[in-house]
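Written below as structure tokens is the structure these notes are about.
Chains as they are written, first to last, in the numbering used here: chain E, 299 to 410; chain B, 8 to 118.
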């Protein structure tokens with residue numbers, strides 16, 4: 299039973315560039331949530347997708363956008379990268395919302 | 008929004024010792040999860056415990072939803088227990104859900 303997978307593992311980008319991170323949910327799960335974790339802090343909720351629609355959004359600017367595909371996988375896009383976007387980006391999946399969430403290994407993004 | 012406070016922020020133990028980690032939250036919640044984050048950043052599910060008590064080996068957790076707190080007990084600690092422990096809560100929403108995390112407890116178990 300495959301768990302949540304994310305790609306790439308690590309990424310280095312330059313300020314102003316755009317980045318796309320990918321997530322495949324755990325088998326049987328249909329809901330994907332994205333979180334940003336800065337160094338030394340707890341993860342912060344970015345948004346959640348269910349049935350290919352954004353259902354909840356945290357306090358993040360419009361530079362952060364996402365998509366969910368019919369196979370339930372998801373992408374997180376960040377435009378006009380800032381140094382402050384450097385963080386560990388975590389994807390979580392669940393069967394519907396309000397149920398136990400399982401996390402992937404994360405993508406570590408460094409913006410220089 | 009809801010506030011989640013974890014204590015203590017740091018904890019250093021000798022192998023074999025027991026410990027209790029606490030999570031307080033400021034409003035009613037539908038769900039509560041405990042995670043262990045390993046040095047590589049992976050969040051590992053420990054407990055899904057909106058109320059009551061659960062046990063899994065040397066770990067157990069208790070959530071008292073009416074008093075807005077949860078406790079994580081670690082008995083006979085091992086060096087592999089080291090890492091950051093997070094509590095996360097989810098409030099009922101009409102559409103969708105989100106986990107709100109505390110700042111974590113950094114646990115170091117020395118041999």
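Built from N, CA and C at the ideal position, the CB exists for glycine as well.
Hey, would you say residue i sits closer than 7 Å to residue j, going by beta carbons?
i	j	result
residue 103/B	residue 304/E	no
residue 81/B	residue 26/B	yes
residue 352/E	residue 55/B	no
residue 379/E	residue 315/E	yes
residue 89/B	residue 114/B	yes
residue 392/E	residue 329/E	yes
residue 411/E	residue 384/E	Because chain E spans 299 through 410 in this model, residue 411/E falls outside it and cannot be assessed.
residue 386/E	residue 361/E	no
residue 10/B	residue 35/B	no
Could you say which of the options lies nearest to residue i if we only look at CA atoms?
i	options	result
residue 358/E	391/E, 349/E and 342/E	342/E
residue 402/E	339/E, 381/E and 319/E	319/E
residue 344/E	364/E, 329/E and 309/E	364/E
residue 38/B	87/B, 58/B, 93/B and 17/B	58/B
residue 339/E	111/B, 116/B and 115/B	111/B
residue 324/E	368/E, 390/E, 349/E and 367/E	390/E
residue 348/E	396/E, 361/E and 314/E	396/E
residue 52/B	42/B, 61/B and 113/B	42/B
residue 107/B	35/B, 118/B, 116/B and 95/B	95/B
residue 16/B	109/B, 118/B and 67/B	109/B
residue 68/B	18/B, 23/B, 93/B and 46/B	93/B
residue 50/B	394/E, 302/E, 410/E and 367/E	302/E
residue 62/B	74/B, 79/B, 46/B and 48/B	79/B
residue 12/B	99/B, 29/B, 21/B and 66/B	29/B
Just to confirm the assignment, what range does the beta strand (DSSP E) spanning residue i have?
i	result
residue 360/E	Careful: residue 360/E lies outside any beta strand (DSSP E) and carries neither H nor E.
residue 82/B	It is not in any beta strand (DSSP E) - residue 82/B carries neither H nor E in the DSSP assignment.
residue 20/B	17–21
residue 39/B	38–44
residue 392/E	385–392
residue 51/B	50–55
residue 9/B	Careful: residue 9/B lies outside any beta strand (DSSP E) and carries neither H nor E.
residue 313/E	Per DSSP, residue 313/E belongs to no beta strand (DSSP E) and is neither H nor E.
residue 374/E	372–376
Give every residue of the same chain whose Cβ lies closer than 6 Å to the Cβ of residue i, excluding the five residues on either side of it in the sequence, and list them in chain order.
i	result
residue 300/E	325
residue 76/B	31
residue 72/B	58
residue 310/E	408
Can you tell me whether residue i is buried or exposed? The criterion is at least 16 other CB atoms within 10 Å of its CB, across all chains shown.
i	result
residue 308/E	exposed
residue 105/B	buried
residue 85/B	exposed
residue 336/E	exposed
residue 97/B	buried
residue 322/E	buried
residue 64/B	exposed
Chain A beta carbons: is any one of them nearer than 7 Å to that of residue i?
i	result
residue 362/E	Considering every chain present, this structure includes no chain A. Its protein chains are E and B.
For residue i, collect the residues of the same chain with a Cβ closer than 7 Å to its Cβ; drop the 5 residues on either side in sequence, then sort them by chain order.
i	result
residue 70/B	39, 56, 57, 58, 59 and 77
Apart from the five residues just before and just after residue i, which ones in its own chain have a Cβ nearer than 8 Å to its Cβ?
i	result
residue 45/B	51 and 90
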